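Student: Read in order, the letters of the sequence shown correspond to residues 5 to 54 in the numbering used here.
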Amino acid sequence: MTDLEAHVAQPGRDDLVKQVSEKIKETGVDYIYYQFVSVTGRIVGKGIPS
5 MTDLEAHVAQ PGRDDLVKQV SEKIKETGVD YIYYQFVSVT GRIVGKGIPS
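#1: Quick test of the definition: if touching needs 3 or more C-beta pairs under 8 Å, does the segment 6-15 touch the segment 32-39?
#2: Taking 9 Å as the cut-off, decide whether the C-beta atoms of Gln39 and Ile52 are in contact.
#3: Do you know how far the Cα of Glu26 is from the Cα of Leu20?
#4: DSSP on Val24, reduced to helix/strand/coil?
#5: When DSSP builds the beta bridges, which residues end up paired with Gln39?
Structure (structure tokens):
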């Protein structure tokens with residue numbers, strides 16, 4: 005099992021994902037912007053529709 009598979013399979017994760025999804029719908033968020041540091045140290049951003 006990869007690290008990603010282990011993370012996705014964590015107990016209770018499904019409930020948390022549902023809670024976040026409901027909160028996004030309640031508040032009317034249309035777009036989510038993620039920002040993270042790459043392996044080379046650059047700050048990278050990604051935007052996705054909610």
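No residue lacks a Cβ here, since even glycine has one placed at the ideal position from N, Cα and C.
Everything numeric in this text was worked out from a predicted model, so none of it was measured.
Tutor: Straight from the coordinates:
#1: no
#2: Residue numbering aside, residue 39 sits at position 35 when the sequence shown is read from its first letter. Residue numbering aside, residue 52 sits at position 48 when the sequence shown is read from its first letter. Against a cut-off of 9 Å, the Cβ pair of Ile52 and Gln39 comes out as no contact.
#3: Here residue 20 is taken as the residue at index 16 of the sequence shown, counted from 1. Here residue 26 is taken as the residue at index 22 of the sequence shown, counted from 1. So the two alpha carbons sit approximately 10 Å from each other.
#4: Locating residue 24 in the sequence shown gives position 20, counting from the first residue. Helix.
#5: Start at 1 with the first residue of the sequence shown, and residue 39 comes out as number 35. Gly49.
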